[in-house]
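Protein sequence lines, in the order shown, are assigned to chains C and Y. Counting from 1, one number per residue, gives the positions in the first sequence under our numbering. Counting from 1, one number per residue, gives the positions in the second sequence under our numbering. C-beta: ideal position from N, C-alpha, C; glycine also. This report refers to the structure that appears directly beneath it.
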Amino acid sequence: MRTVLYILQKEFIQIFRDKSILPIIFLIPFIQLVVLSYTATFEIKNVRFILVDHDHSSESRKLADKFSGSAFFTEVGKTDSYRQAIQAIQKDKADQIIIIEPDFEKNLVNEKRAKIQVVTNAINGSAASLMNAYALSLISDFNKEIMVKQFPMHFKEMPIKLNSSFWYNPELNYVTYMVPGILVLLVTIIGMFLSSMNIVKEKEKGTNEQLNVTPIRKLEFIAGKLIPFWIIAMIDLLIGLLLARFWFGIMIIGNPFLLLFVAGIYLVLVLGLGLFISTLTNTMQQAMFISWFFLVIFILMSGLFTPIESMPMWAQKLDAINPLAYFIKINRMIMLKGSGFVDIQKDFLILTAYAVGMIIFSTMRYRKTT
Amino acid sequence: MKTKETVIEVNNLVKKFGHFVANDNLTFHVNRGEILGFLGANGAGKTTAIRILTGLSKPTSGKVIVAGIDVNKNPEKVKRRIGYMSQRFSLYDDMTVRENFRFYGGVYGLTRKQIRERMRFYLKKLAMESYENMLLQNIPLGWKQKLAFSVANVHNPDIIFLDEPTGGVDPITRRQFWEMIYEVSDAGTTVFVTTHYMDEAEYCERVCIMSEGKIEAMDTPKALKEKYGAKNMNEVFIKIARNVE
């Protein structure tokens, strides 16, 4: 036990003496948190649309007003020519064209039906379907108003009244959804890089030979290497949570201590993985590339940017070994949903077993004798 | 303190890397307090042998007893009893002299008081008291080597292994280095040292000359010079090297 304390002392001296590593630990994560949380959003706020109104009637104007009055739409032009409107999309000056047929009002009154065409730039598929959905909801609103006006008897009261409410994130706020995930991501990146570079750095400098002739036990060594980064990553996480609370105004609905407890286990796992990579490699460059390889896969499959549920089945199965996927899920459950221990129990146990396994692995892999 | 007590006993030690035989059937012993010089060209197998003796590397076959303990069976137990200074400078460059002493002293289980006393003792001897709080990266190489030797000795080991400790060090510092070796030897520590420098071979009580993984000769410098009719160890070394070719 005393040996571990001496290793800890040495590691902390070295970390805090390294002028390039300190900003990496304590500055960059928070810049990234703030920047990413605002930019990693799927919301579409400014759909630039062009109105091609062939009718110029009061009804067509009402419909046009609905669009320009919406917070999601910005009118960037009016024209009578469909070709001009398409050109605007070609030049990326507009995203959507709303075309109202001639005799729109007349047809509405006489035929009880009229046509509107919506053309959307679908280079980005998911953005296009969102824009389309926005447009359709405005048009169906408009539709309802007309029906109520034209058939006041029938539509005094709609037969089925739809009232939707969104739970756990009532304003459908992306920042609320993204911040907890990004926070986990940043702590993971810091922890994994620092730990994977550590043992291999001693190998590169030749200092590990001197360590290996000492009676340090392997587990003492791994513990001495893991604990400093664990403390640093926990401090990073704490600062991040405070930022989430006071900068982004995200309240932790669940028990913050439960969150920290799970985070503590999760970090043992991440750091154990990093140390394992460090024992496998001989140069810092190798360690860097291997951890980067795993991190990219973990991140892309973590459910942070794309929902795990829409991945193919084999990918969902593969996520059983993705530590990031577990913790992002647990983290969102506790922070946004207020889940208690019972709710996260299963994932928590898997994480714990995984962490213990990783420590055993890296301890066994660390060789004092070659 | 020098006795006929054997502290290192090597029997039929073989180490192969694939088909390459780095140590070919080495058998020798070293007595307590003795200074044994391990000589040989680059690639003769000196470092391989020293790494096996310190438990850093496993032998392919053969028996190695160090300080009465079988290294192969119980490498961790041997490690409490030995000190090691490798070819590459291996103290922490980004830590001060005091921090290096404290770390290694602590790892070997010394008390804080013992660590402080040992450090003061060595710094005084090296006339480096004012360097206590200096980072090692700011200290010249020869001095760093003397510090590395002191740190390798911090726990008073029975045997100290030095792998080319004076490589790249100026003649005066080398001379001082050898004075330190004599001092620990007089105090009863066995010194096992590899070197390229033939003048250093003259300082050893016994030398072992290796070539292509085999021991070609092992005796006192005086006996070797007589046997080969040579004026100095340099000639002995060249004659043995020619014979091998």
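Problem - Proximal residues to Leu110 of chain Y (C-beta, below 8 angstroms), its chain only, five neighbours per side dropped - result: Arg118, Val154, His155
Problem - Candidates Y:Gly213, Y:Met210, Y:Met233: closest to Thr220 of chain Y by CA position - result: Y:Met233
Exercise for the section: Could you confirm whether any beta carbon from chain C is found closer than 8 angstroms to the beta carbon of Met1 of chain Y? Expected result: Any answer about Met1 of chain Y is weak, because its pLDDT of 48 lies below 50 and its placement is not dependable; what the coordinates show is given next. Closer than 8 angstroms: no.
Exercise for the section: Give the residues from the stretch 163-179 of chain Y that approach chain C closer than 7 angstroms (Cβ to any Cβ), ordered along the chain. Expected result: none
Exercise for the section: Show which residues of chain C have a CB atom less than 7 angstroms away from the CB atom of Ile209 of chain Y. Expected result: What Ile209 of chain Y touches in chain C: nothing, since even the nearest Cβ is about 25 angstroms away.
Exercise for the section: Check whether the Cβ atoms of Lys78 of chain C and Asp53 of chain C lie closer than 8 angstroms to each other. Expected result: yes
Handout entry: beta strand (DSSP E) runs contained entirely in the stretch 38-88 of chain Y, provided each spans 3 or more residues
Key = 61-66, 82-85
Practice task
Consult DSSP for Thr3 of chain C and reduce its assignment to one of helix, strand or coil.
Solution key: helix
Exercise for the section: Determine the burial state of Met313 of chain C: buried for a count of at least 16 other Cβ atoms within 10 Å of its Cβ, exposed for fewer. Expected result: exposed
Exercise for the section: Kindly list the residues whose CB is nearer than 7 angstroms to the CB of Ala355 of chain C, restricted to its own chain and excluding five residues on each side of it in sequence; keep chain order. Expected result: Ile265, Val268, Leu269, Gly272
Exercise for the section: On a CA-only basis, which of C:Lys201, C:Asp80, C:Gly249 is nearest Gly274 of chain C? Give me that one, please. Expected result: C:Lys201
Practice task
Assign Tyr38 of chain C to buried or exposed, taking buried as 16 or more other Cβ atoms, counted over all protein chains shown, within 10 Å of its Cβ.
Solution key: exposed
Problem - 9 angstroms Cβ cut-off: residues of chain Y touching Tyr6 of chain C - result: Arg102, Phe103, Tyr104, Gly105, Gly106, Val107
Handout entry: Reference Leu194 of chain C, options C:Phe229, C:Ile97, C:Gly303, C:Asp141, closest by Cα
Key = C:Phe229
Exercise for the section: Tell me, please, which residues DSSP counts as bridged to Phe49 of chain C. Expected result: C:Glu75, C:Gln96
Handout entry: Identity of the residues DSSP links to Ile330 of chain C by a beta bridge
Key = Looking at the DSSP assignment, Ile330 of chain C forms no beta bridge with any residue, so it has no partner.
Practice task
Please list, in chain order, all residues of the same chain as Asn124 of chain C whose beta carbon is under 6 angstroms from its beta carbon, the five residues on each side excluded.
Solution key: none
Problem - Three CB pairs or more closer than 8 angstroms across the stretch 251-266 of chain C and the stretch 27-38 of chain C - result: no
Exercise for the section: Measure the CB-CB distance between Asn322 of chain C and Met301 of chain C and report whether it falls below 8 angstroms. Expected result: yes
Exercise for the section: For Asn212 of chain C, go through chain Y and note every residue whose CB falls closer than 7 angstroms to its CB, in chain order. Expected result: Leu56
Handout entry: Residues of the stretch 187-217 of chain C whose Cβ lies closer than 7 angstroms to any Cβ of chain Y, in chain order
Key = Gly206, Thr207, Glu209, Gln210, Asn212, Val213, Thr214, Pro215, Ile216
Problem - When C:Asn198, C:Lys218, C:Pro23, C:Tyr177 are compared against Val4 of chain C, the one with the closest alpha-carbon - result: C:Lys218
Handout entry: Reduced DSSP secondary structure (H/G/I, E/B, other) of Asn234 of chain Y
Key = helix
Practice task
Could you tell me which uninterrupted alpha helix (DSSP H) segments, each at least 4 residues in length, are contained entirely in the stretch 130-164 of chain Y, listed from first to last along the chain?
Solution key: 141-152
Exercise for the section: Please compile the residues from chain C whose C-beta is within a distance smaller than 9 angstroms of the C-beta of Ile82 of chain Y. Expected result: Val213
Exercise for the section: Tell me whether the beta-carbon of Glu11 of chain C lies closer than 8 angstroms to the beta-carbon of Phe49 of chain C. Expected result: no
Handout entry: Bridge partner(s) assigned by DSSP for Ser211 of chain Y
Key = Y:Lys214
Exercise for the section: If I'm right that Leu185 of chain C touches Leu304 of chain C with Cβ under 8 angstroms, what's the distance once you round it to whole angstroms? Expected result: 6 angstroms
Practice task
Measure the CB-CB distance between Thr54 of chain Y and Asn31 of chain Y and report whether it falls below 8 angstroms.
Solution key: no
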